[in-house]
Structure formats: structure tokens, C-alpha cells
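Here's the structure, in C-alpha cells; my notes come after.
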Amino acid sequence: ETGVTQSPTHLIKTRGQQVTLRCSSQSGHNTVSWYQQALGQGPQFIFQYYREEENGRGNFPPRFSGLQFPNYSSELNVNALELDDSALYLCASSFKGSGNTIYFGEGSWLTVV
Amino acid sequence: GDSVVQTEGQVLPSEGDSLIVNCSYETTQYPSLFWYVQYPGEGPQLHLKAMKANDKGRNKGFEAMYRKETTSFHLEKDSVQESDSAVYFCALSDPVKTSRDDKIIFGKGTRLHILP
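Those sequence lines, one after another, are chains E and Y. If you number the first sequence the way the working numbering does, the last residue is 1126 and the count never jumps. If you number the second sequence the way the working numbering does, the last residue is 135 and the count never jumps.
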């Protein structure tokens, strides 16, 4: 148990649709990162939110966007879904600072058909 | 850019065997190095870490030495158990770059399946 909760756990969407994934961070953590993990691959950094602002972004197109709320929870939004967006989406929370451990949730499995 | 390479996609030792899982990294800076473990249906969790050259990370009988001269961080264990079966990811973060976004770069993972 990491204290990071994600919803929904599984969902199926059609190509072209939009999806919102949600994350509640561990108590006391002020930073949320999102990662995409394709089947058989390692997680890839999408972006990070700190103080309700995007604080860094990986190599993902603008149709991947996010929000962080005053209680440090977060959303990941993906527009115009493509088949290749099918993956496990992981949220990770941490307290801002180099060397601090990040804690992952169990992820949301997205299947795009 | 920064990268992590794990050469084995899967290893199948028998219970009691010794284990080495290879990891090499590429970065222009002085990263922190990690091994994460992922069990079915769960997110990755930190297994061990080493913050600077010649540090050794340890956890549950596993060890990994941060070797700057060979840019490696191999995961080793003297005697594996069935309960060690999982996917192991080698990863790095760059303390200079991550002063902004704490990004972690993962390898593709090595599935460890211990045969009884």
C-alpha cells in the first residue's frame, strides 16, 4: 500500500474519444507525476505537476494534458485517443526535492479499440 | 539523451541459484540509480537505490553497486527464492535536471521467474 489511489482501474474507449484518469496522492506529498507503461515496457514519463502547474514534460503530444488541484490530487486527460494509447497509466506522488522517493499507484489500464 | 539498457528480457533461474541482472546506463551527468520491482497488478515500487559512485544499494538479499567507470548497476543475489519472481526495472534520475521535474528514466524491465 503506497497511499496513492487511481481511478478507474480499467476502461475501454473508442479511437477518437477522450478520457480522464484520476489520482489521489499520498498524504503529505505535493508533487504528482504521470507515466505511461505499454505492455512489456518500462514506464515513460508524461509530465509532472507541482503547485498546480506543469513542472516538466516528456515526449508526449499536447493532446495529453493534466491538472493538479489544491489538495494535490491530479487528473490526466487524453484527447483524440489512438490505438497506441492503450497502456497502463501510472500516477506517482512525492514530496518535491532531489532524492525523495516517489510512490506509484496501481495504475489505470486503458484499452483503445 | 539519458537512457537505461537492460539486456535480458527474461531470466529463469532455479530456486537457490545465484542471480545477476544486467543494467547499463548513459547520461552526461551524475545520476542517482534505482532498481524498481513490479508485481502483477501493482505499480512499480522502489527496491533499492544508490545515490553516487561506489555506493551499494541493498534490500532483501539483493545488491547493486553503482559503477561509474563501467556505467553499470547490475542487480545481484546469492540465492533466489520463488517469492523473488517479479519484473525488475533499472532506472535513473539526474539530480541536476530533476531539480525541476524529478523525472525517472526506466529500462524496459527484466522478468524474473524463479523455477521451483
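By construction, the Cβ of each residue, glycine as well, lies at the ideal position given by its N, Cα and C atoms.
Handout entry: Segment limits, beta strand (DSSP E) that includes Arg1064 of chain E
Key = First-last for Arg1064 of chain E: undefined, no H or E at that position.
Handout entry: Pick from E:Gln1081, E:Gly1029, E:Ser1038, E:Cys1036 that is closest to Ala1093 of chain E, judged by C-alpha positions
Key = E:Gly1029
Handout entry: Among Y:Lys79, Y:Gly62, Y:Asn73, the one whose alpha carbon lies nearest that of Thr89 of chain Y
Key = Y:Asn73
Practice task
Measuring alpha carbon to alpha carbon, tell me which of E:Gln1061, E:Ser1040, E:Gln1039, E:Leu1024 ends up nearest Ile123 of chain Y.
Solution key: E:Gln1061
Exercise for the section: Give a yes or no on whether the C-beta atoms belonging to Asp121 of chain Y and Ile1025 of chain E are separated by under 8 Å. Expected result: no
Handout entry: Candidates E:Cys1036, E:Asp1097, E:His1023: closest to Phe1117 of chain E by CA position
Key = E:Cys1036
Practice task
Would you grab the beta carbon distance between Phe108 of chain Y and Gly1055 of chain E for me? Rounded to a whole angstrom, and I think it's under 8 Å.
Solution key: 5 Å
Problem - Buried/exposed call for Ser33 of chain Y, threshold 16 Cβ in 10 Å - result: exposed
Exercise for the section: Identify the contact partners of Ser1107 of chain E in chain Y, using a Cβ-Cβ distance below 9 Å as the criterion. Expected result: Asp121
Practice task
Name, please, each residue of chain Y whose Cβ falls closer than 7 Å to the Cβ of Leu1103 of chain E.
Solution key: Gly62
Exercise for the section: Answer with yes or no whether the minimum CB distance from Phe1073 of chain E to chain Y is below 8 Å. Expected result: no
Handout entry: Runs of beta strand (DSSP E) lying entirely within the stretch 47–72 of chain Y, each at least 3 residues, in chain order
Key = 51–57, 64–69
Handout entry: Unbroken beta strand (DSSP E) run spanning Arg1035 of chain E, endpoints
Key = 1032–1037
Exercise for the section: Excluding the 5 residues preceding and the 5 following Ala69 of chain Y in the sequence, name in chain order all residues of the same chain whose CB lies nearer than 6 Å to its CB. Expected result: Leu52, Gly76, Tyr85
Exercise for the section: Find the nearest neighbour of Val1032 of chain E within the set E:Leu1052, E:Gly1041, E:Ser1040, E:Thr1022, judged by alpha-carbon distance. Expected result: E:Thr1022
Exercise for the section: Return helix, strand or coil for Glu1119 of chain E, following the three-state DSSP convention. Expected result: coil
Practice task
Pull up the CB-CB distance for Glu101 of chain Y and Pro50 of chain Y, whole angstroms please, since I reckon it's below 8 Å.
Solution key: Glu101 of chain Y to Pro50 of chain Y, Cβ: 32 Å. No contact.
Exercise for the section: Could you tell me the distance, in whole angstroms, from the CA atom of Phe1108 of chain E to the CA atom of His1042 of chain E? Expected result: 5 Å
Exercise for the section: Indicate the three-state DSSP secondary structure (helix, strand or coil) for Glu45 of chain Y in the structure shown. Expected result: strand
Exercise for the section: Measuring only between beta-carbons, confirm whether Phe81 of chain Y sits less than 8 Å from chain E. Expected result: no
Problem - Beta-carbon proximity of Thr129 of chain Y to Gln64 of chain Y, cut-off 8 Å - result: no
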